[in-house]
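Okay, so here's the structure we're looking at.
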Amino acid sequence: MNKKSTLLSIAALLTVGLALTSCLDDENPYTVGLGVTPPTMLTATLNGAGEKPTSTTVAATGTFTGSLNTTTRVLSYTVTYQGFTEPLTGGHLHKITAANGTGPVDIPFPSLTSPIIATTAALRQGQVDSLVAGLYYANLHTATYPAGAIRGDVKKL
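For the sequence shown, the residue numbers in mature numbering (1 follows the signal peptide of the UniProt record, and there is no 0) are -21 to -1, 1 to 136.
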């Protein structure tokens, strides 16, 4: 390879590099035009009034915040809560399957100590689709309320 073709190759690489870096959007850390999909942000506010089919009078409250990578199908989330007067007996994400807005446990929380911070293995595509569609709820259970003490429907931000 001669010096002229080497210099042309270097110039071409620099031009491509500059073009790619000029596509960055400072407001959004994901690159524009490169096929990178930002995560879907999810949220829920948990309280006794949100319980279904029957609300509770539990004074405890909580939040669910999640980041769903729809490409890898991995959900990272944090659940915080406060105000319980008895220990939790369970905590999960439930998929809504019944007409009354309830459904079975689908993603159990690995801990019951606030804050619950976890990342799932790759979810099935149906789970991802249902999360994005708002068909899940976060639920925390106690002995007094085995069907759920506080609940929040998971929605996209």
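C-beta atoms are modelled at their ideal positions from N, C-alpha and C, and glycine is treated no differently. This one's a predicted model, so the numbers in the text were calculated from it and none came from an experiment.
Asked                                                                                                                    : Found
Minimum C-alpha distance to Q53 - residue among A128, K31, L110                                                          : Correcting the residue identity first, residue 53 is Val in this sequence and not Gln. Cα-wise, what sits closest to V53 is L110.
Residue closest to Y56, alpha-carbon to alpha-carbon, out of T68, P94, D85                                               : P94
Pick from R130, K135, A122 that is closest to A112, judged by C-alpha positions                                          : K135
For A112, the three-state DSSP class (helix, strand or coil)                                                             : coil
Where R103 falls, given that 16 or more other Cβ within 10 Å makes a residue buried                                      : exposed
Rounded separation between T22 and V133 - CA only                                                                        : 5 Å
Every unbroken beta strand (DSSP E) inside the region 25 to 74 [3 residues or more]                                      : 40 to 48, 53 to 61, 67 to 74
Close-in-space but distant-in-sequence residues of the same chain around residue 140 (CB under 8 Å, 5 per side omitted)  : In the structure displayed, the chain extends from -21 to 136; residue 140 sits before or after that span and is not available.
Nearest candidate by alpha-carbon position, reference T51, set F63, P125, T99, F43                                       : T99
In DSSP terms, what T123 is bridged to                                                                                   : Answer is none; T123 lacks a bridge partner.
Rounded C-alpha distance that separates residue 143 from L47                                                             : Nothing about residue 143 can be reported from this structure: the residues present for the chain run from -21 to 136 only.
L3 classed as buried or exposed, judged by whether at least 16 other C-beta atoms fall within 10 angstroms               : Confidence in L3 is poor, its pLDDT being 48 and thus under 50, which makes the residue's placement unreliable; the coordinate value appears in the next sentence. Label assigned to L3: exposed.
Beta-carbon contacts of D5 that lie in its chain and below 6 Å, excluding the five residues immediately before and after : Legend: pLDDT at D5 = 47, less than 50; position of this residue unreliable, value from coordinates given subsequently. There are no such residues.
Three-state secondary structure assigned by DSSP to V15                                                                  : coil
DSSP state of G80 mapped onto helix, strand, coil                                                                        : coil
Cβ-Cβ distance between G131 and F43 below 7 Å                                                                            : yes
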